[in-house]
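Final position of the sequence shown in my numbering is 385; the numbers increase by one with none missing. Cβ coordinates follow ideal geometry from the N, Cα and C atoms, glycine included. All values reported here derive from a predicted model rather than from experimental measurement. Shown next, in structure tokens, is the structure this report addresses.
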Amino acid sequence: MRIAFVSFETAHHRETETNERFRTILELLTDRGHDIHVCCAQFWPGEASTLERDEVTYHGVSTGLEARQSFLLRLPFVLRSIGPDVIHTSADPAGQVRAANWGATLARSPLVLEWYGAGIGVDGAVGIPDDRGHRYAAQKADRIVTPSRMVRTWVRERGASGDRVDVVPNPIDIDRIEATPPGDRVDVVYARRLDEGANLESLLLGLAELRDRNWHTLVLGDGPQRGMYEQLAQDLRIDDRVTFAGETSRDERIAAYRSAHVFAQTATECVFPTEFAWALAAGCVGIVEYHVDSAAHELVEGWERGFRTTSEQELADAILEAGDLEHRTYDESFANLDREAVLATYLETYRELQDGRGLL
26 MRIAFVSFET AHHRETETNE RFRTILELLT DRGHDIHVCC AQFWPGEAST LERDEVTYHG
86 VSTGLEARQS FLLRLPFVLR SIGPDVIHTS ADPAGQVRAA NWGATLARSP LVLEWYGAGI
146 GVDGAVGIPD DRGHRYAAQK ADRIVTPSRM VRTWVRERGA SGDRVDVVPN PIDIDRIEAT
206 PPGDRVDVVY ARRLDEGANL ESLLLGLAEL RDRNWHTLVL GDGPQRGMYE QLAQDLRIDD
266 RVTFAGETSR DERIAAYRSA HVFAQTATEC VFPTEFAWAL AAGCVGIVEY HVDSAAHELV
326 EGWERGFRTT SEQELADAIL EAGDLEHRTY DESFANLDRE AVLATYLETY RELQDGRGLL
């Protein structure tokens, strides 16, 4: 199948959650041998308009991120020249959805819209602007894909018909989890970039309520707020039992999750809790502090090894209650998040659209 992706900015320009989501989809499809093309702003040197990299053909529709208007004007004609079976576009910037829609008309291809819900800027803000461009985008695609029910609700609020919006999570790799040996035992693990939205203080304050208990916590990740959190741990007199490990590799994180008993998810903003998903599949008991702009609670709703809290005291109580549950290093309940399952969902969507069953 030939699939043309539209993303003015890619992970080669800047690593954001939205761009990483798109790169993951590309990897899933190329691993299966599909013919993948990406229409983007040129990120490589020289005058060549295309670049072959990792079995993906990149089309430099404009010469750089400064030439956005040129990108939008040229995109429909580049898409027609590719002749794709399906066109799959990112929602940001919203103007590219209009241009991709014109391209889909010229190429006579269905249009899938990937709406991740996290901002493409460095601040990583979540939400969907309520403006003309985004409302147009919500109504024009043949199918819209979101990472969570929360984002699906946001998209519907912008005018999308409910039966055109699917929820597809970020994938994890079940085989990789099972193949990675557990690390040193730890009671509670936390993993996220330590920025303004990390809200690690909720976990530290909850742990301080349990300072008379025997426990050890591992914090994975780095960021601008790390120093503040390390100081808070000292002020709470629990710094001797909280290890800040900094940046770690995927295998190191998996090993930590398989060794840990509890994963605490306290971030205030999260369109899909990817690290939480890896940890739950690796056997962790899941504790989520509920926030209106976080979809993390969706993973533990109705699950016997999951807790939803709204305060530091409830979080501390949940950690104690989790101690009564068995320690696991794998949980098959989350096999539906595996890479193969997620890929199958995308391929089914593409085929339905090609057959005309999903076109509205």
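Residue j beta carbon less than 8 Å from that of residue i
{"i": "leucine 136", "j": "isoleucine 112", "result": "yes"}
{"i": "arginine 177", "j": "valine 192", "result": "yes"}
{"i": "isoleucine 312", "j": "valine 287", "result": "yes"}
{"i": "leucine 104", "j": "alanine 132", "result": "yes"}
{"i": "arginine 251", "j": "leucine 228", "result": "no"}
{"i": "leucine 362", "j": "isoleucine 197", "result": "yes"}
{"i": "threonine 41", "j": "glutamine 67", "result": "no"}
{"i": "glycine 139", "j": "phenylalanine 33", "result": "Reading off the sequence, residue 139 comes out as glutamate, not glycine. Contact flag unset, no."}
{"i": "alanine 143", "j": "threonine 43", "result": "yes"}
{"i": "cysteine 64", "j": "alanine 29", "result": "yes"}
{"i": "valine 151", "j": "glutamate 294", "result": "yes"}
{"i": "aspartate 110", "j": "arginine 27", "result": "yes"}
{"i": "alanine 280", "j": "glycine 187", "result": "no"}
{"i": "leucine 53", "j": "arginine 364", "result": "yes"}
{"i": "glutamate 226", "j": "aspartate 247", "result": "no"}
{"i": "alanine 129", "j": "glycine 158", "result": "no"}
{"i": "arginine 168", "j": "leucine 368", "result": "no"}
{"i": "tyrosine 141", "j": "valine 296", "result": "yes"}
{"i": "asparagine 195", "j": "threonine 374", "result": "no"}
{"i": "tryptophan 240", "j": "aspartate 265", "result": "no"}
{"i": "valine 86", "j": "arginine 78", "result": "no"}
{"i": "leucine 232", "j": "alanine 270", "result": "no"}
{"i": "alanine 166", "j": "arginine 183", "result": "no"}
{"i": "alanine 302", "j": "leucine 324", "result": "yes"}
Bridge partners - residue i, DSSP secondary structure assignment
{"i": "alanine 233", "result": "Answer is none; alanine 233 lacks a bridge partner."}
{"i": "aspartate 191", "result": "Val170"}
{"i": "glutamine 290", "result": "Val313"}
{"i": "histidine 113", "result": "Phe30 and Val137"}
{"i": "valine 151", "result": "Ala143"}
{"i": "leucine 76", "result": "Tyr83"}
{"i": "alanine 285", "result": "Val211"}
{"i": "serine 186", "result": "DSSP lists no partner for serine 186."}
{"i": "serine 319", "result": "Cys295"}
Nearest-angstrom Cβ-Cβ length linking residue i and residue j, presumed shorter than 8 Å
{"i": "valine 214", "j": "leucine 243", "result": "5 Å"}
{"i": "glycine 222", "j": "alanine 292", "result": "6 Å"}
{"i": "glutamate 300", "j": "arginine 210", "result": "Actually they are not in contact, since the Cβ atoms of glutamate 300 and arginine 210 sit about 19 Å apart, beyond 8 Å."}
{"i": "valine 31", "j": "serine 115", "result": "7 Å"}
{"i": "glutamate 234", "j": "glutamine 379", "result": "At roughly 56 Å, the Cβ-Cβ gap does not stay under 8 Å, so glutamate 234 and glutamine 379 are not in contact."}
{"i": "leucine 350", "j": "valine 310", "result": "5 Å"}
{"i": "isoleucine 107", "j": "histidine 62", "result": "5 Å"}
{"i": "proline 101", "j": "tryptophan 127", "result": "4 Å"}
Three or more C-beta pairs below 8 Å linking the region 69-82 and the region 120-129
Flag = no, the region 69-82 and the region 120-129 do not touch.
Measuring CB atoms only, is the region 169-187 touching the region 275-285, in the sense that at least three cross pairs come out at less than 8 Å?
Three or more beta-carbon pairs separated by less than 8 Å are not found between the region 169-187 and the region 275-285, which leaves the two stretches without contact.
Length at least 4, wholly inside the region 40-74: the alpha helix (DSSP H) runs in chain order
Counting only unbroken stretches of 4 or more residues, the alpha helix (DSSP H) elements lying wholly within the region 40-74 are 42-56, in sequence order.
May I have a chain-ordered list of the beta strand (DSSP E) segments no shorter than 3 residues that lie completely inside the region 188-273?
If we require 3 residues or more, the beta strand (DSSP E) runs fully inside the region 188-273 come out as 190-192, 211-216, 242-245 and 267-271.
Segments of 4+ residues assigned as alpha helix (DSSP H) that fall wholly inside the region 331-372:
As for any alpha helix (DSSP H) of minimum length 4 sitting wholly inside the region 331-372, the runs are 337-347, ordered along the chain.
Given 8 Å, three or more beta-carbon pairs between the region 303-310 and the region 350-357
In short, these stretches touch, since the Cβ pair count reaches three.
Determine contact between the region 272-280 and the region 328-346, defined as no fewer than three beta-carbon pairs at a distance below 8 Å.
Result no; under three Cβ-Cβ pairs closer than 8 Å.
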